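Number of protein chains: 2
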Amino acid sequence: MTISENDKVLSIDNMNPLIRNVEYAVRGRLAIRAEEIRSDLEKGQSSYPFKRVVNCNIGNPQQLNQNPITFFRQVASLCDHPDLLKEENRALVSQLYPSDAIERASCLLRSIGSVGAYSHSQGVPFIRQTVAKFIEERDGYPADPNHIFLTQGASSGVQSLLSLLTENEKTGIMIPIPQYPLYSASLALYGARPVPYHLEEETGWSLDVTQLVDIVREARENGTDVRALVIINPGNPTGQCLTASNMQEIITFCYEQRLMLLADEVYQANIYTDTRSFISFKKALKDHPEPAARDGLELVSFHSISKGMIGECGRRGGYFECVHLDPDVLDQLYKMSSVSLCPNLHGQIMVDLMCNPPRPGDVSYPSYKAEVDAIYSSLRRRSKKLEQVFNRLEGVTCQPAQGSMYLFPQVSLPARVTEIAKEHKMAPDAYYAHAMLEATGVCVVPGSGFGQKDNTWHFRSTFLPEEDLFDQFCNDLEKFHIQFLKDHRDEQ
Amino acid sequence: MTISENDKVLSIDNMNPLIRNVEYAVRGRLAIRAEEIRSDLEKGQSSYPFKRVVNCNIGNPQQLNQNPITFFRQVASLCDHPDLLKEENRALVSQLYPSDAIERASCLLRSIGSVGAYSHSQGVPFIRQTVAKFIEERDGYPADPNHIFLTQGASSGVQSLLSLLTENEKTGIMIPIPQYPLYSASLALYGARPVPYHLEEETGWSLDVTQLVDIVREARENGTDVRALVIINPGNPTGQCLTASNMQEIITFCYEQRLMLLADEVYQANIYTDTRSFISFKKALKDHPEPAARDGLELVSFHSISKGMIGECGRRGGYFECVHLDPDVLDQLYKMSSVSLCPNLHGQIMVDLMCNPPRPGDVSYPSYKAEVDAIYSSLRRRSKKLEQVFNRLEGVTCQPAQGSMYLFPQVSLPARVTEIAKEHKMAPDAYYAHAMLEATGVCVVPGSGFGQKDNTWHFRSTFLPEEDLFDQFCNDLEKFHIQFLKDHRDEQ
Numbered sequence: 001m002t003i004s005e006n007d008k009v010l011s012i013d014n015m016n017p018l019i020r021n022v023e024y025a026v027r028g029r030l031a032i033r034a035e036e037i038r039s040d041l042e043k044g045q046s047s048y049p050f051k052r053v054v055n056c057n058i059g060n061p062q063q064l065n066q067n068p069i070t071f072f073r074q075v076a077s078l079c080d081h082p083d084l085l086k087e088e089n090r091a092l093v094s095q096l097y098p099s100d101a102i103e104r105a106s107c108l109l110r111s112i113g114s115v116g117a118y119s120h121s122q123g124v125p126f127i128r129q130t131v132a133k134f135i136e137e138r139d140g141y142p143a144d145p146n147h148i149f150l151t152q153g154a155s156s157g158v159q160s161l162l163s164l165l166t167e168n169e170k171t172g173i174m175i176p177i178p179q180y181p182l183y184s185a186s187l188a189l190y191g192a193r194p195v196p197y198h199l200e201e202e203t204g205w206s207l208d209v210t211q212l213v214d215i216v217r218e219a220r221e222n223g224t225d226v227r228a229l230v231i232i233n234p235g236n237p238t239g240q241c242l243t244a245s246n247m248q249e250i251i252t253f254c255y256e257q258r259l260m261l262l263a264d265e266v267y268q269a270n271i272y273t274d275t276r277s278f279i280s281f282k283k284a285l286k287d288h289p290e291p292a293a294r295d296g297l298e299l300v301s302f303h304s305i306s307k308g309m310i311g312e313c314g315r316r317g318g319y320f321e322c323v324h325l326d327p328d329v330l331d332q333l334y335k336m337s338s339v340s341l342c343p344n345l346h347g348q349i350m351v352d353l354m355c356n357p358p359r360p361g362d363v364s365y366p367s368y369k370a371e372v373d374a375i376y377s378s379l380r381r382r383s384k385k386l387e388q389v390f391n392r393l394e395g396v397t398c399q400p401a402q403g404s405m406y407l408f409p410q411v412s413l414p415a416r417v418t419e420i421a422k423e424h425k426m427a428p429d430a431y432y433a434h435a436m437l438e439a440t441g442v443c444v445v446p447g448s449g450f451g452q453k454d455n456t457w458h459f460r461s462t463f464l465p466e467e468d469l470f471d472q473f474c475n476d477l478e479k480f481h482i483q484f485l486k487d488h489r490d491e492q
Numbered sequence: 001m002t003i004s005e006n007d008k009v010l011s012i013d014n015m016n017p018l019i020r021n022v023e024y025a026v027r028g029r030l031a032i033r034a035e036e037i038r039s040d041l042e043k044g045q046s047s048y049p050f051k052r053v054v055n056c057n058i059g060n061p062q063q064l065n066q067n068p069i070t071f072f073r074q075v076a077s078l079c080d081h082p083d084l085l086k087e088e089n090r091a092l093v094s095q096l097y098p099s100d101a102i103e104r105a106s107c108l109l110r111s112i113g114s115v116g117a118y119s120h121s122q123g124v125p126f127i128r129q130t131v132a133k134f135i136e137e138r139d140g141y142p143a144d145p146n147h148i149f150l151t152q153g154a155s156s157g158v159q160s161l162l163s164l165l166t167e168n169e170k171t172g173i174m175i176p177i178p179q180y181p182l183y184s185a186s187l188a189l190y191g192a193r194p195v196p197y198h199l200e201e202e203t204g205w206s207l208d209v210t211q212l213v214d215i216v217r218e219a220r221e222n223g224t225d226v227r228a229l230v231i232i233n234p235g236n237p238t239g240q241c242l243t244a245s246n247m248q249e250i251i252t253f254c255y256e257q258r259l260m261l262l263a264d265e266v267y268q269a270n271i272y273t274d275t276r277s278f279i280s281f282k283k284a285l286k287d288h289p290e291p292a293a294r295d296g297l298e299l300v301s302f303h304s305i306s307k308g309m310i311g312e313c314g315r316r317g318g319y320f321e322c323v324h325l326d327p328d329v330l331d332q333l334y335k336m337s338s339v340s341l342c343p344n345l346h347g348q349i350m351v352d353l354m355c356n357p358p359r360p361g362d363v364s365y366p367s368y369k370a371e372v373d374a375i376y377s378s379l380r381r382r383s384k385k386l387e388q389v390f391n392r393l394e395g396v397t398c399q400p401a402q403g404s405m406y407l408f409p410q411v412s413l414p415a416r417v418t419e420i421a422k423e424h425k426m427a428p429d430a431y432y433a434h435a436m437l438e439a440t441g442v443c444v445v446p447g448s449g450f451g452q453k454d455n456t457w458h459f460r461s462t463f464l465p466e467e468d469l470f471d472q473f474c475n476d477l478e479k480f481h482i483q484f485l486k487d488h489r490d491e492q
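This is how it looks when you write it as structure tokens:
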């Protein structure tokens, strides 16, 4: 028997078909092309009409030079090199590090031992206590450290829950459209059915609960075992922020329909409007007037160090809190955490710092506060500016950025674009986004990667490019759009 | 409708049955009991006949106070806090950090940007180049950085491959017995069939290739689509190290039987015998006399920063190299990496350091060399000492520790133990291990967690307790064993 180049044991045709079916646009074909161009530019190739690739396809603030929070990095740096905490180095180290960073690192290392050791699979107990206190301070209701799981970013937590929920191919999970494609990708991977509901673009991507009852009934009539509802709040890619009354309706709906509520709350610190503030689903649940719902609804809430003003995506840290889950199910979550041994310790440390940052009176508080405020105001300014740019482009409408790191404008594309895109075997918005990349170096994600109403086209862009380059970035997008329409104008 | 405490949406009965079936003994019931005891001891409870819990159930060197490699931590610490690399801090920092650590951190940050940013999903390209050079230096054959995937520890890489290989419930993967239970757990999770082969305890856990042909034929006759063979070399839990000729036989077997070879080589630096040295399967393959096998066999090799003399388990870093895999399959691996965004950057940095440590002539080389040598000699001494202790216990035989971090002694247990264990719904070796924990605070893993020949009983213990406490540790085990036999002697 011979194995030829074309006769592999494992091929695309006989591999796990669930993996083959997974689609993930955020780092899909367009992002791969962006990487190629970046590599060409690094090698000095100058045939492109721009000097750098700007990755607006992914919320990756530090890649676009957002500074990390200094205090957080000081603590992490000391935990990495505990020799610095020895008495003989104290004189030098105290000139480089503030006293509260030294204290915090010492305190963390007392609980952790070493950042090079496996921790408890659910996360360092001390850090889970910090998270519980953070939740209690935020919501005014207690949290149980034993119901908190530290994770390698929110994504891995979401995947754990979706996998656990999937009993068989009839299991259905309600997801918003548009949605962050982690959800559709994971449901494809586990062989569960997405049960989509729509957000209403015209009213700022609001959630109309009345549609949900029909959707769940219809799905169940068709044999789908609908078990959970996913909400992303603030929204991704849509940026909207839910109101308290809307949240109460959602909780009532989930409770009455026997659905677990999965609340993706990773953008909870990214709110750019004065009229709405973030409310956690944990608080909304505990505020709910109906005791049976309040004390019964199964809720899992996800949070992350990757977003907010921290932006430490590369460390892969996060947590989820389980509320009212069956204790046997919690044991199963622990078992699965233990197969992966533990979440990385650097991510865990950053969760501790996010949940317990410097407080007024601490040596590092003034600089911490100044850094966070500066990042926040800049994100807010950039979100407004980009929203205005989009709204003045011909055929483009963009809902206000209430939160998150994204705008999701709708683009009317000439009929000719649809035809040409078809020839290229692309969705029209993917064709538009490819043209944008080749013309400007800006990489966005086509709306087709998130789901959208039929015959509407969108794209998702972060507003993370550096503030001193932001006007140029906006100009580039505007010029591209005008030229694109000119090049693809329908014949009269 | 009301949701009562006993009427959850998600319960053990309706959850993902594949997850329910997963077993993972390394952090199972015994390890959970060890955590309880540790927590009791921390609270000052003194009813136990020992003062601390010693986790020999898991290869977690730094938890048992093995020092990290100073140079590696210095570089990581500087990458975490790049302000230290600024000109104004140079005078102070150069008193705390050696010049080569400063240079290396600067070099890494030039490639990475920030450790807080998502990297390329497959891992930072620069670090994959370092890995490729390491493989080439080790084996004398080139490696392609585009075929290397950085991972969050070897476990996540192993899971990616096993998941990808699983087409349906007939997919079969050959795994050794005894095996590290990551393999059986992952196959249960993905719904594939384990196809076990046995290692031969009497001949030092050697692999007799002649059995494999019968096993694969029989499995295929029974409708199992056998696709891959897993080898752990050096062995876990068994510690054996394969010979070059044995490896050639295995390659021939895999090639002839159309199997992908998955080589778990995470203990490649942990060899404690002078008569055998580690050979990678990549080298063995490229040395193979048969050109068709040499140029065709699909091989994936896994490595990790968690073992060796580094022991940085808590950072979750590792890589796998794909050899001769279908390019379309590599694309699918990339796609799945992208759904998880990227492996954490601190793990990636440590992979870089592992693969490119200080070299002779570098400022840090003498201290690096001294630290690695000291850890190595100590591991070697402790492995021999524990092996001798086990072999002098009544009814215990222990194969020599050729490699890895474990010993896997066989224990003859009195018939009475089997009866009592049955009453406790435990395997006899689990009962023995529970008794050991309650008597000594030492936590090991029963052989039943790894698989073993019928009616033989084993346990896996690391030899990682600190050298200055090691005699005490050995004495505790010996006293326990004698007392256990006395307490459970069969009546004459």
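As given, the protein sequences belong to chains A and B, one line each in that order.
If you count the first sequence from 1, position 387 lands on 387 in full-length UniProt numbering, and the numbers rise without skipping.
If you count the second sequence from 1, position 99 lands on 99 in full-length UniProt numbering, and the numbers rise without skipping.
Note that the Cβ used here is the ideal one computed from N, Cα and C, for glycine as well.
Model, not experiment: these values are computed from the prediction.
Supposed close pair residue i, residue j - CB separation, criterion 8 Å
i              : j         : result
Leu162(B)      : Ser186(B) : 5 Å
residue 493(A) : Tyr24(B)  : As shown, chain A starts at 1 and ends at 492. That puts residue 493(A) outside it, with no answer to give.
Arg460(B)      : Val442(B) : Actually they are not in contact, since the Cβ atoms of Arg460(B) and Val442(B) sit about 12 Å apart, beyond 8 Å.
Gly318(B)      : Val351(B) : 7 Å
Gly153(A)      : Ser306(A) : 6 Å
residue 509(B) : Pro237(B) : Nothing can be reported for residue 509(B): it is not among the residues displayed for chain B, which extend from 1 to 492.
Ser448(A)      : Asp429(A) : 5 Å
Residue i - containing alpha helix (DSSP H), residue span
i         : result
His346(A) : 345-355
Cys79(A)  : 70-80
Pro291(B) : 291-294
Contacting residues, own chain, Cβ-Cβ under 8 Å from residue i (five flanking each side not counted)
i         : result
Gly204(B) : Gln240, Gln399, Pro400, Gln402
Ile251(A) : Leu261, Phe281, Ala284, Leu285, His288, Ala293, Leu297
Sequence-distant residues of its chain with Cβ nearer than 6 Å to residue i (five each side left out)
i         : result
Ile58(A)  : Val26
Leu393(B) : His481
Gln452(A) : Pro178, His458
Exposed unless 16 or more other CB atoms sit within 10 angstroms - verdict on residue i
i              : result
Val213(B)      : exposed
residue 530(A) : The shown model of chain A, from 1 to 492, leaves out residue 530(A), and the question about it has no answer.
residue 546(B) : In the structure displayed, chain B extends from 1 to 492; residue 546(B) sits before or after that span and is not available.
Glu5(A)        : With a pLDDT of 49 at Glu5(A), under the threshold of 50, the modelled position of that residue is not reliable, and the figure given next carries that caveat. Flag for Glu5(A) reads exposed.
Ala421(B)      : buried
Gly395(A)      : exposed
Residue i - containing beta strand (DSSP E), residue span
i         : result
Tyr319(B) : 318-323
Met260(A) : 260-264
Thr462(A) : 459-462
Met247(B) : From DSSP, Met247(B) is part of no beta strand (DSSP E) but of the alpha helix (DSSP H) over 244-256.
Ala228(B) : 225-232
Close-in-space but distant-in-sequence residues of the same chain around residue i (CB under 7 Å, 5 per side omitted)
i         : result
Ala105(B) : Val75, Leu78, Cys79, Leu85
Gln248(B) : Ala284, His288
Cutoff 7 Å: residue i Cβ touching any chain D Cβ
i         : result
Asn233(B) : Absent from the structure: chain D. Protein chains present are A and B.
#### Entry: At least 3 beta-carbon pairs within less than 8 Å: the region 326-343 of chain A vs the region 75-86 of chain A
no
### Message
Contact between the region 224-231 of chain B and the region 260-279 of chain B is defined here as three or more beta-carbon pairs at a separation below 8 Å; is this criterion met?
### Response
yes
### Inter-stretch contact at 8 Å, needing at least 3 Cβ pairs: the region 145-156 of chain B / the region 342-349 of chain B
yes
### Message
Quick test of the definition: if touching needs 3 or more C-beta pairs under 8 Å, does the region 107-114 of chain B touch the region 296-305 of chain B?
### Response
no
### Query
Does the count of Cβ pairs from the region 402-418 of chain A and the region 270-278 of chain A closer than 8 Å reach three?
yes
### Query
Can you find at least 3 beta carbon pairs, one from the region 461-477 of chain A and one from the region 45-59 of chain A, that sit closer than 8 Å?
yes
### Query
Is the region 126-136 of chain B touching the region 348-362 of chain B in the sense that three or more CB pairs, one from each, lie closer than 8 Å?
yes
### Message
Quick test of the definition: if touching needs 3 or more C-beta pairs under 8 Å, does the region 408-423 of chain B touch the region 6-16 of chain B?
### Response
no
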